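Peer 1:
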Amino acid sequence: KNQVEQSPQSLIILEGKNCTLQCNYTVSPFSNLRWYKQDTGRGPVSLTIMTFSENTKSNGRYTATLDADTKQSSLHITASQLSDSASYICVVSAALNDYKLSFGAGTTVTVRA
Amino acid sequence: GAVVSQHPSRVICKSGTSVKIECRSLDFQATTMFWYRQFPKKSLMLMATSNEGSKATYEQGVEKDKFLINHASLTLSTLTVTSAHPEDSSFYICSASSGRAEGGELFFGEGSRLTVL
Chain A
492 KNQVEQSPQS LIILEGKNCT LQCNYTVSPF SNLRWYKQDT GRGPVSLTIM
542 TFSENTKSNG RYTATLDADT KQSSLHITAS QLSDSASYIC VVSAALNDYK
592 LSFGAGTTVT VRA
Chain B
190 GAVVSQHPSR VICKSGTSVK IECRSLDFQA TTMFWYRQFP KKSLMLMATS
240 NEGSKATYEQ GVEKDKFLIN HASLTLSTLT VTSAHPEDSS FYICSASSGR
290 AEGGELFFGE GSRLTVL
């Protein structure tokens, strides 16, 4: 069964600090990995999408990395802002099963002033 | 970027009634839309895949007669929760793909919070 594991489950950081979220997956064969930001009570919003050939991708203060060999990805948030408080979800797509996405449980980030 | 609109964003209904939630892709045609259910502090759980002009494909454990899905056009899919019960209370989210999911972007609606009294 394809799985996506995220860590930590939650974290609290001070405004202006950096943090890194982890995503490990067993989805195979791998197609792409996406990071989404979900504010409480809202739908997820795409941050990055990476295929197996991409090692890193940035979107503003968000930088995602991917190691397809170890099946690991990370999302780094630089100079956190209060608006970064949200749940961050890692989603992995399998190559042979169109539209079958495996969702991680998410990491809840709380940024405090 | 592409926008997916969901309506209503919140709905409260009495037990036994039916509730319809709409999902629209506003600026692109979506041959495939997806419906998810999300419990508090949990990940999204795929309920069904909705294909325009054909029957939806339901995930294991999801009652097709309970959660009716209709994808009447390339921009609209609806989820009807029939004879709703309090245990159906949840956050329902739709998504739509602008292309093949393997490389295409996937856009989510804002979600609809259903409360069944």
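From first to last, the protein sequence lines are chains A and B.
Mapping of the first sequence onto our numbering: residues 492 to 604, in sequence order.
Mapping of the second sequence onto our numbering: residues 190 to 306, in sequence order.
Glycine residues also receive a C-beta, built at the ideal position from the N, C-alpha and C atoms.
Given the structure is predicted, the values throughout are model-derived calculations rather than measurements.
On the DSSP bridge assignment, give the partners of residue 220 (chain B) in chain order.
Peer 2: For residue 220 (chain B), which the question treats as bridged, DSSP gives no partner whatsoever.
Peer 1: Could you give the distance in angstroms between the alpha-carbon of residue 277 (chain B) and the alpha-carbon of residue 284 (chain B)?
Peer 2: Straight-line Cα distance between these residues: approximately 20 Å.
Peer 1: On the CB-based measure, 16 or more other CB atoms within 10 Å of its CB, does residue 551 (chain A) come out buried or exposed?
Peer 2: Flag for residue 551 (chain A) reads exposed.
Peer 1: Name the DSSP bridge partner or partners of residue 543 (chain A)?
Peer 2: Bridge partners of residue 543 (chain A): none, in fact.
Peer 1: Does the beta carbon of residue 210 (chain B) sit closer than 9 Å to a beta carbon anywhere in chain A?
Peer 2: So no, residue 210 (chain B) is outside the interface.
Peer 1: Is there a C-beta anywhere in chain A that falls below 9 Å from the one on residue 230 (chain B)?
Peer 2: Cβ-Cβ to chain A under 9 Å: yes for residue 230 (chain B).
Peer 1: Check distances from the C-beta atoms of the region 516-548 of chain A to those of chain B and list, in chain order, the residues that come in under 9 Å.
Peer 2: Of all residues in the region 516-548 of chain A, 522, 523, 525, 527, 529, 532, 533, 534, 535, 536, 537, 540 and 542 have a Cβ within less than 9 Å of some Cβ in chain B.
Peer 1: Using Cβ-Cβ distances below 7 Å, what residues of the region 571-586 of chain A are close to chain B?
Peer 2: So the list reads 580, 584 and 586, given in the order they occur along the chain.
Peer 1: Residue 239 (chain B): which of B:200, B:249 and B:265 sits nearest, CA to CA?
Peer 2: Nearest of B:200, B:249 and B:265 to residue 239 (chain B), Cα basis: B:265.
Peer 1: Can you check which of these residues, A:499, A:506 and A:498, is closest to residue 576 (chain A) by C-alpha distance?
Peer 2: For residue 576 (chain A), the nearest C-alpha among the options comes from A:506.
Peer 1: If you follow the beta strand (DSSP E) that residue 528 (chain A) is part of, which residue opens it and which one closes it?
Peer 2: Here the beta strand (DSSP E) through residue 528 (chain A) covers 521-529.
Peer 1: Tell me which residues share the same chain as residue 192 (chain B) and place their Cβ nearer than 8 Å to its Cβ, disregarding the 5 neighbours each side in the sequence.
Peer 2: These residues qualify, in order along the chain: 214, 215, 216 and 296.
Peer 1: Give me, in chain order, the residues of the same chain whose beta-carbon lies closer than 7 Å to that of residue 541 (chain A); leave out the 5 immediate sequence neighbours on both sides.
Peer 2: The residues are 523, 524, 548, 555 and 557.
Peer 1: Please determine, among B:260, B:270, B:196 and B:282, the residue with the shortest C-alpha to C-alpha distance to residue 252 (chain B).
Peer 2: Of B:260, B:270, B:196 and B:282, the residue nearest in Cα terms is B:270.
Peer 1: If I measure Cβ to Cβ from residue 291 (chain B) and keep anything under 7 Å in the same chain, skipping five residues before and after, which residues do I get?
Peer 2: Confidence in residue 291 (chain B) is poor, its pLDDT being 48 and thus under 50, which makes the residue's placement too unreliable to answer from.
Peer 1: Hey, how far is the Cα of residue 533 (chain A) from the Cα of residue 300 (chain B)?
Peer 2: Computed Cα separation, rounded: 6 Å.
Peer 1: Can you tell me whether residue 573 (chain A) is helix, strand or coil according to DSSP?
Peer 2: If DSSP states are grouped into helix, strand and coil, residue 573 (chain A) belongs with the helices.
Peer 1: Where residue 260 (chain B) and residue 531 (chain A) are concerned, what is the direct C-alpha to C-alpha distance, given to the nearest angstrom?
Peer 2: In a straight line, the C-alpha of residue 260 (chain B) is about 28 Å away from that of residue 531 (chain A).
Peer 1: If the cut is a Cβ gap below 8 Å, which residues of chain B does residue 595 (chain A) touch?
Peer 2: Chain B residues near residue 595 (chain A): 232.
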